[in-house]
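The next block holds one structure in the form of structure tokens; read it before the comments.
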Amino acid sequence: MVQSYLKPGFPQYARPFRFLENHDEQRFIKTFGLEAAKLSAGFLLTSPGVPLIYAGQEVGETSYRGIIHWNDRYGLRPFYEKLIHIRRENPALQQGSFQRLPVSDSLTVYAYLREQGKNRMISLLNFSAAAKNVSVAVPEDLMPADTAKVFYLNDILNHETFGFRRRELLAYKWPLSGYQARILIRSDSALSAVSENSFQPPLRFRLEQNYPNPFNPETKIFYRIGGNKPVKVDLIVFNVLGQKVKTLVTAPQTPGKYSVVWKGRTQTGNPAPSGIYFYKLKAGNFVQVKKLLLLR
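In the numbering used here, each number is its position in the sequence shown, counted from 1, plus 1087.
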């Protein structure tokens, strides 16, 4: 991805022009969903080059060359504002060097170091819907020579702080919920008002509205598992008579963000008829139901 522009053939002053969507491309959020769109925005604003935020992208616009709806139905604007502020305040993200970092799960997790003088930052991106715990090969010179000295990698995107001694960081497993981005900055002090190693899974269970809705032929359902331990999760689609149409999920799941696609078919694989359906999330003692509309 990023490394291709670093290969010989580009002049030193060249800056790649990067985008997730434009007037010739389908809207990213419409194709991949909200959580993947937020993750990719984190990648866009921390990777080398000049980022493009195309008309309405920052408010989750889904139309193709249509009128922009500025009501920000997904609450994306504050997230983009935060990313832009982080980029503006850190020279490493504007013109810093780039170094990809090895991770224990390189198929779904991408990590890299951006560096400009004393401004040193690590981006950690989980491109999977599943929660991950991964180790990262942090460069030796990022850590203090004194093995007893505590230093910090502060996640300024999620406002979390992680304190380490040299040996502890080498063995640490970074927790990442599904489609989560972390933007870490090397520091000798912790973020204010945040306890060390304060990663918490999502505090509340939540079932999101499916997207798109109405839909044909398929739709994606997002949900969050809270708490601090795995729970049995059932996500089931019912018709208006209360009859089970399709079981989408039935498995233990750890705290994190998830998504699942319903392709508008019954449990036996037959196309479900047009109409109103209900999808029900049961996770431990948590139960929530939402309505969706299938139009053939």
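The beta carbon of each residue, even a glycine, is placed where N, CA and C say it ideally should be. As the structure is a computational prediction, the values presented were derived from the model and not from experiment.
Item: So, with DSSP's three-state summary, where would you put Gly1356?; Value: coil
Item: Nearest-angstrom Cα distance between Asp1192 and His1156?; Value: 38 angstroms
Item: Under 8 angstroms, do Ser1346 and Lys1378 count as touching if we go by C-beta distance?; Value: no
Item: Confirm, please, whether the CB-CB distance from Phe1292 to Gly1313 is below 8 angstroms.; Value: yes
Item: Please go through the same chain and pick out, in chain order, the residues whose beta-carbon is closer than 7 angstroms to the beta-carbon of Arg1160, but skip the five residues on each side of it.; Value: Gly1147
Item: Comparing alpha-carbon positions, which option in Thr1334, Pro1226 and Val1327 lies nearest Leu1257?; Value: Pro1226
Item: Do Asn1372 and Pro1342 come within 8 angstroms of each other at the CB atom, strictly closer than that value?; Value: no
Item: Following the continuous beta strand (DSSP E) through Leu1071, name the residue where it begins and the one where it ends.; Value: The structure shown has nothing for residue 1071, since the chain only spans 1088 to 1383.
Item: Sorted by chain position, which residues of the same chain lie with C-beta nearer than 7 angstroms to His1110's C-beta, five sequence neighbours on each side aside?; Value: Arg1152
Item: Which residue or residues does DSSP assign as beta-bridge partners of Glu1247?; Value: Asp1242
Item: Measure from the alpha carbon of Pro1360 to the alpha carbon of each residue in Gln1375, Leu1381, Lys1369 and Val1348, then state which is nearest.; Value: Leu1381
Item: Hey, could you find the ends of the beta strand (DSSP E) Thr1337 is sitting in?; Value: Lys1331 to Gln1340
Item: Between the region 1178–1188 and the region 1196–1207, do three or more beta carbon pairs fall short of 8 angstroms?; Value: yes
Item: Pick out whichever of Phe1365, Ser1222 and Ala1217 has its Cα sitting closest to the Cα of Pro1317.; Value: Ala1217
Item: State the Cα-Cα distance for the pair Val1336 and Lys1369, rounded to the nearest angstrom.; Value: 10 angstroms
Item: Using only CA atoms, which one of Arg1269, Asp1321 and Asn1158 lies nearest to Ser1247?; Value: Looking at the sequence itself, residue 1247 is Glu, so the reference to Ser does not match. Closest by alpha carbon: Arg1269.
Item: Tell me whether Lys1125 sits in a helix, a strand or coil according to DSSP, three-state version.; Value: helix
Item: Under a Cβ-count criterion, where at least 16 other Cβ atoms within 10 Å of its own Cβ denotes burial, should Gly1351 be classed as buried or exposed?; Value: buried
Item: What is the rounded straight-line gap between the Cα of Phe1302 and the Cα of Trp1349?; Value: 10 angstroms
Item: Quick one, which of Arg1253, Ala1124, Val1137 and Gln1113 has its alpha-carbon nearest Ala1101's?; Value: Val1137
Item: Once DSSP output is grouped into helix, strand and coil, what is the label at Phe1106?; Value: strand
Item: Answer with buried or exposed for Ala1224, where buried requires no fewer than 16 other C-beta atoms within 10 angstroms of its C-beta.; Value: exposed
Item: Exposed or buried, which one is Gln1099 when buried takes at least 16 other CB atoms within 10 Å?; Value: exposed
Item: Output needed for Thr1234: all residues of its chain with C-beta closer than 7 angstroms, excluding positions within five of it in sequence on either side, in chain order.; Value: Arg1252, Arg1253 and Arg1254
Item: Flag this pair as yes or no: are the beta carbons of Ala1277 and Asn1220 separated by less than 8 angstroms?; Value: no
Item: For Phe1104, which residues of its own chain have a beta-carbon under 7 angstroms away from its beta-carbon, when the five flanking residues on both sides are left out?; Value: Gly1136, Val1137 and Leu1139
Item: Using only CA atoms, which one of Ile1173, Glu1168 and Gly1143 lies nearest to Lys1117?; Value: Gly1143
Item: Within this structure, are the beta carbons of Arg1114 and Glu1108 separated by less than 8 angstroms?; Value: yes
Item: Could you give the distance in angstroms between the alpha-carbon of Met1230 and the alpha-carbon of Asp1275?; Value: 10 angstroms
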